[in-house]
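Residues 1 to 168 (the UniProt record's numbering) make up the sequence shown, in order. Ideal placement from N, C-alpha and C gives every residue a C-beta, glycine not left out. Each remark here refers to the structure printed beneath this line.
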Amino acid sequence: MKRASMRNLVLLGGLFLVLLAACSKNKDVYDPGPQLTKDMATIKTYLTAHNLAASLDTATGIYYNIVAPGNGVDSIKYFGTTIDVLYKGSLMADSTVFDSTTTNTPRNFVYQELIKGWQLEIIRITKGGKIKLYIPSFWGYGTVAHPGIPANSILIFDIELTDLKNPI
Numbered sequence: 001m002k003r004a005s006m007r008n009l010v011l012l013g014g015l016f017l018v019l020l021a022a023c024s025k026n027k028d029v030y031d032p033g034p035q036l037t038k039d040m041a042t043i044k045t046y047l048t049a050h051n052l053a054a055s056l057d058t059a060t061g062i063y064y065n066i067v068a069p070g071n072g073v074d075s076i077k078y079f080g081t082t083i084d085v086l087y088k089g090s091l092m093a094d095s096t097v098f099d100s101t102t103t104n105t106p107r108n109f110v111y112q113e114l115i116k117g118w119q120l121e122i123i124r125i126t127k128g129g130k131i132k133l134y135i136p137s138f139w140g141y142g143t144v145a146h147p148g149i150p151a152n153s154i155l156i157f158d159i160e161l162t163d164l165k166n167p168i
């Protein structure tokens, strides 16, 4: 009987702590707006300094350049679409390549597993298309560092959509 009472007391105490934490006003809530504004300005300056042309997706702040639109027929239509791509990802800050496919060996991804920046913009091209993306950190890896990618990094991707398979 004593064990059951102690167990219930511990559970009740734990529940109280969870409720207390849920009701606290966290003043450290991250607002991505200022970082996105800063990243967009940095990208614009970079494009101007390097005399590069790119369009701005005003809804996201991602700059893109469609190098080749593709065949105009085969497009990503569903969340579960699998894609084969050749790509190179680099940091805008110092041009360090952090990831790429090997020559003529595409990599396979499921659309919903891509970083948000890819999801939002790769739909602009069809099979055989090529696009260059300038992705603000919010749409890349955000405030979380990954191997070879510091937190709040602006990413540049050169992508060729070599094939795709829609699930239906």
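Taking 8 Å as the threshold, find out whether the segment 33-43 comes into contact with the segment 70-87 through three or more Cβ pairs.
no
Report, in whole angstroms, the separation of the C-beta atoms of Ala54 and Tyr63, which I expect to be a contact under 8 Å.
4 Å
Evaluate Thr81 with the Cβ neighbour count: other Cβ atoms within 10 Å of its Cβ, from every protein chain shown; 16 or more gives buried, anything less gives exposed.
buried
Excluding the 5 residues preceding and the 5 following Gly140 in the sequence, name in chain order all residues of the same chain whose CB lies nearer than 7 Å to its CB.
Ile115, Gly117, Ser153, Leu155
For the 8 Å Cβ check, are there 3 or more pairs between the segment 120-138 and the segment 155-166?
yes
Return helix, strand or coil for Thr42, following the three-state DSSP convention.
helix
DSSP three-state assignment for Ile66, whether helix, strand or coil
strand
With a threshold of 16 other CB atoms inside 10 Å of the CB of Ile131, please say whether the residue is buried or exposed.
buried
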